[in-house]
Amino acid sequence: MTSARCSARSPPHPPPGVFSPTSVLPQLAALREGRATARDIAWLQAVDTRDGIPASRAGGCDLPCLVLDLDATLVTCHSEKEQAVAAYKRGFGYHPLLCFLHHIRALPDRVWHPALEQDGSLRDGAEAAELTGMIDLTGYPDGTRVIVRRERPHPGARLSLFDFDEGMRHLVFLTDSPVTGGGTAQRLEARYRAHARVEERIRLLVWTQALLLDGELATAEPKKLRYRLLHAAARITRGGRRLCLRISATWRWRHELTSTFTRLAALPRPAT
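Residue numbers (my numbering): 123 to 394.
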């Protein structure tokens with residue numbers, strides 16, 4: 123078996139300066155492994171030191187599950203085409219997007235229900251309904267459901283062709299969440315709409331807030347955290363075989379910053 127492996131011809135090495143996809147595969151594998159390890163440790167530390175990761179909320183209720191949100195993403199692509207302009211995220215490329223638009227206008231008014239805010243109150247000018255029985259879902263996994271939201275666009279919003287048609291903006295998404303356990307169209311729509319908040323938390327600092335911060339800072343937006351903690355003027359010094367962080371005595375949130383470092387140093391190393 124060993125000799126058979128050795129007899130296989132390896133791909134030739136690219137000349138200097140030439141990119142080879144195979145040359146970065148080991149680095150990508152190592153990066154994924156390191157990221158997975160860090161994530162596992164953070165989950166265990168949250169369980170050991172606190173009450174675990176806070177539950178997701180939608181429509182005024184805790185969700186007894188992990189919510190995975192699939193969305194479009196910008197794929198960078200450059201070309202020399204004349205008059206090319208940046209996309210809505212100011213990058214150049216395209217963003218794959220799956221969207222269904224059929225049968226929405228055929229829904230009777232009785233199947234539309236008022237949409238919910240995250241605290242469970244009614245959302246003004248928005249409604250949700252289920253399209254599952256009106257669409258051919260052949261080939262989709264069992265349990266696939268189709269939920270639609272319609273809402274009046276906010277003032278100043280850019281309208282599409284279909285928005286002009288009846289003055290309502292429609293958004294359709296697929297889910298495999300069952301009806302049992304609170305999986306109504308209203309609650310699922312509220313959960314889906316909460317993905318904007320999820321994107322903000324994923325962007326940065328989510329583990330710092332879950333493991334190290336409390337009070338107002340545990341739920342603060344990144345802008346507030348940058349001002350109070352991340353961009354605080356400080357100086358790192360060495361002396362007496364110790365590494366010290368010196369913070370101005372007049373900085374209003376100096377105690378929160380020092381408490382964060384104290385909690386970081388005290389985090390246990392879970393057995394994995």
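The beta-carbon is built from N, C-alpha and C at its ideal position, and this holds for glycine as well.
Only a predicted model underlies this, so the values are computations on that prediction, with no experimental measurement involved.
Please report the distance separating the alpha-carbon of residue i from that of residue j.
i       : j       : result
Val-207 : Pro-277 : 25 Å
Leu-335 : Gly-242 : 27 Å
Ala-160 : Glu-338 : 26 Å
Cys-221 : Val-294 : In this prediction, Cys-221 scores a pLDDT of 38, lower than 50, which makes its location untrustworthy; the coordinate-derived value is nonetheless stated afterwards. Rounded to the nearest angstrom, the two C-alpha atoms are 7 Å apart.
Tyr-262 : Asp-184 : 28 Å
Leu-229 : Glu-239 : 23 Å
Ser-299 : Thr-266 : 8 Å
Ala-248 : Pro-236 : 6 Å
Ala-164 : Ala-177 : 16 Å
Thr-297 : Leu-326 : 26 Å
Pro-148 : Thr-384 : 36 Å
His-377 : Gln-331 : 16 Å
Leu-352 : Leu-365 : 19 Å
Ala-312 : Arg-348 : 29 Å
Met-256 : Ala-250 : 15 Å
Thr-302 : Glu-252 : 15 Å
Arg-157 : Gln-308 : 35 Å
Leu-259 : Pro-275 : 29 Å
Leu-223 : Thr-254 : Note that Leu-223 scores a pLDDT of 40, beneath 50, so its modelled location is shaky; the value from the coordinates is reported in the next line. The straight-line gap from Cα to Cα measures roughly 13 Å.
Leu-379 : Ile-369 : 9 Å
Ala-340 : Arg-232 : 42 Å
Ala-316 : Glu-343 : 15 Å
Ala-279 : His-292 : 13 Å
Arg-350 : Asp-264 : 48 Å
Where does residue i fall in DSSP's three states?
i       : result
Phe-222 : Only weak support exists for where Phe-222 lies, its pLDDT of 39 falling under 50; the value from the coordinates is given anyway. If DSSP states are grouped into helix, strand and coil, Phe-222 belongs with coil.
Ala-237 : strand
Thr-382 : helix
His-377 : helix
Arg-348 : helix
Thr-198 : strand
Arg-368 : strand
Leu-244 : strand
Arg-357 : strand
Ala-340 : helix
Arg-363 : coil
Please name the residue, chosen from the options, that lies closest to residue i on a Cα-to-Cα basis.
i       : options                            : result
Ser-381 : Pro-392, Ala-393, Leu-367, Arg-391 : Leu-367
Val-268 : Ala-279, Met-290, Ala-248, Thr-306 : Thr-306
Met-290 : Glu-273, Val-301, Glu-204          : Glu-273
Ala-354 : Gly-361, Glu-252, Glu-343, Trp-373 : Trp-373
Ala-371 : Arg-157, Asp-170, Ala-342, Arg-357 : Arg-357
Asp-246 : Leu-333, Ala-158, Arg-271          : Arg-271
Pro-392 : Arg-154, Ala-151, Glu-155, Gln-167 : Gln-167
Leu-333 : Ala-316, Leu-389, Arg-360          : Leu-389
Gly-182 : Arg-360, Asp-162, Gly-213, Leu-310 : Leu-310
Trp-329 : Ala-152, Asp-162, Arg-232          : Asp-162
Leu-386 : Glu-155, Glu-343, Pro-344, Thr-171 : Thr-171
Gly-215 : Thr-198, Gln-205, Arg-280, Asp-264 : Thr-198
In the DSSP output, which residue or residues are listed as bridge partners for residue i?
i       : result
Pro-390 : Its beta-bridge partners do not exist; DSSP assigns none.
Glu-433 : Residue 433 falls outside the range modelled here, since the chain spans only 123 to 394, and no answer is possible.
Gly-215 : Thr-198
Enumerate, from N- to C-terminal direction, the unbroken beta strand (DSSP E) stretches of 3 or more residues contained entirely within the region 251 to 337. 267 to 273, 291 to 297
What ranges does the alpha helix (DSSP H) occupy inside the region 143 to 178, keeping only unbroken runs of at least 4 residues that lie completely in it? 147 to 171
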